[in-house]
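Residues are numbered in this note's numbering as their position in the sequence shown, beginning at 1, plus a constant of 192.
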Amino acid sequence: MVKVDDLTVRYDGRIAISKISVTFDDGKFHFVMGPNGGGKTTLVRAIVGFLPYEGKIEIDGVEHSKYLKKNSIGYLAQRGFQFFSFPMTAIEVVEMGRYRFKENISERRRSAMRFLKALEMDEFWNKRIDEMSGGQQQRVLMARALATESKILVLDEPLTGIDSKAQSLFYDMIERIKEKFQLTVIMTTHDVGFVSKYADDVLYINKEIVPHDKAEKVLSDAEIELLYGPKMEIADRHLTKNENV
Ligand SMILES: Nc1ncnc2c1ncn2[C@@H]1O[C@H](COP(=O)(O)OP(=O)(O)OP(=O)(O)O)[C@@H](O)[C@H]1O
Ligand SMILES: [Mg+2]
């Protein structure tokens, strides 16, 4: 269980997210949604341990920094934060996820291969990552995140730039992997279309938590407006009214 309590993150003194309190239960698929700049990446990077923050994070009842000393959190960064213009093969990328384990070279390779296989990328094991499609790269990076064998997998907009057929396959795959490795998955997304089918829980943030009825996974019109601003038609009506004045 990841328990976030009164979390505030600032960049150069400016608040990016404010007083976020939320619990991510074990074994569930949690969606984190909200507008661009709403603080989704900031929240997940704080959880992964990459950002200083005010407030408290506990994982399985253990204080955050203590937890991170002994455990890792699988993390797939938002595109644009990833760096690929180096000639590494898929298997080498996945092996990087094994850095915590004491394995010799052949053991390490075997373990990495197991995770590539789970992502159906084993046939590409020797292919260079900078010569792969975006979707293939995402799979290899997922394999790397899983190879850490952490029980928590954090995915920051893993589906950006992936076509809609591949998106469905990706969600099915995440579900399978979640069951297979008994993971807690925290995923940021803009993908309203997949919420009701896959999310066990949805958190909406726009700097602060946007409250919504927990039982309802889909937002009401009023909540969408609160989160993303007035809808087009409302904006249009507003404009017409002003013009008439
Ligand atoms: N490294 C940084 N330095 C300064 N400000 C930052 C930094 N990273 C993010 N911010 C600011 O913090 C706020 C939250 O950004 P964040 O990237 O967390 O949003 P997001 O919800 O992930 O957006 P998107 O949907 O576009 O990925 C924004 O106002 C952004 O400009
Ligand atoms: Mg982001």
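C-beta atoms are modelled at their ideal positions from N, C-alpha and C, and glycine is treated no differently.
Near residue i, what residues of its chain come up, given a Cβ to Cβ distance below 7 Å and the 5 sequence neighbours on each side ignored?
| i | result |
| --- | --- |
| V394 | F223, M225, V387 and K409 |
| R336 | V285, V286, M288 and G289 |
| D168 | Because the chain is modelled from 193 through 437, residue 168 falls outside the range shown and cannot be assessed. |
| S264 | R292, T340 and S342 |
| D392 | K220, F221 and H222 |
| R300 | E287 and R290 |
| G205 | none |
| D383 | L351 |
| A269 | D348 |
| A304 | I283, V286, E287, R290 and A339 |
Classify residue i: buried if its beta carbon has 16 or more other beta carbons within 10 angstroms, exposed otherwise.
| i | result |
| --- | --- |
| D197 | exposed |
| P350 | buried |
| K232 | buried |
| G266 | buried |
| F216 | buried |
| F316 | buried |
| F293 | exposed |
| T432 | Confidence is the limiting factor: at T432 the pLDDT is only 36, short of 50, which leaves the residue's position unreliable, though a coordinate-based value still follows. Exposed, because fewer than 16 other Cβ atoms sit within 10 Å of the Cβ of T432. |
| S325 | exposed |
| Y396 | buried |
| I249 | buried |
| I369 | buried |
| I297 | exposed |
| D364 | exposed |
| D218 | exposed |
What residue range does the alpha helix (DSSP H) around residue i cover?
| i | result |
| --- | --- |
| A358 | S356 to F373 |
| G327 | G326 to A339 |
Which residues in the same chain as residue i place their Cβ atom closer than 8 Å to its Cβ, once the five residues preceding and following it in sequence are excluded?
| i | result |
| --- | --- |
| K261 | none |
| A208 | V201, R202, G231, T234 and K399 |
| S257 | G241 |
| S210 | T200, K399 and E400 |
| M271 | Looking at the sequence provided, one finds Arg at residue 271 rather than Met. Excluding sequence neighbours, R271 sits near G326, E349, T352 and G353. |
| M313 | A282, Q328, R331, V332 and A335 |
Looking at the strands, I want to know which residues DSSP matches up with residue i.
| i | result |
| --- | --- |
| G266 | L345 |
| D393 | H222 |
| I239 | I239 is not bridged to any residue. |
| M288 | DSSP lists no partner for M288. |
| M379 | F223 and L347 |
| R202 | I207 |
| N398 | E400 |
| V194 | F216 and I251 |
| R320 | T281 |
For residue i, collect the residues of the same chain with a Cβ closer than 6 Å to its Cβ; drop the 5 residues on either side in sequence, then sort them by chain order.
| i | result |
| --- | --- |
| K319 | A282 |
| G327 | I354 and A358 |
| Y245 | L199, V201 and A238 |
| I378 | F216, H222 and V346 |
| T259 | Going by the sequence as given, residue 259 is Tyr instead of Thr. Closer than 6 Å at Cβ, skipping near neighbours: I251. |
Specify, as a first and last residue, the run of the beta strand (DSSP E) that residue i falls within.
| i | result |
| --- | --- |
| F216 | R206 to F216 |
| I251 | E246 to I251 |
| K309 | It is not in any beta strand (DSSP E) - K309 instead sits in the alpha helix (DSSP H) that spans I297 to A310. |
| T281 | From DSSP, T281 is part of no beta strand (DSSP E); its letter is neither H nor E. |
Inset, instruction - Evaluate contact between the region 244-258 and the region 194-208, counting only Cβ atoms and requiring at least three cross-stretch pairs below 8 Å. - result: Between the region 244-258 and the region 194-208, the count of C-beta pairs closer than 8 Å reaches three or more; the two stretches touch.
Legend entry - Inter-stretch contact at 8 Å, needing at least 3 Cβ pairs: the region 299-314 / the region 331-342: Contact between the region 299-314 and the region 331-342 is present: 3 or more CB-CB pairs across the two stretches fall below 8 Å.
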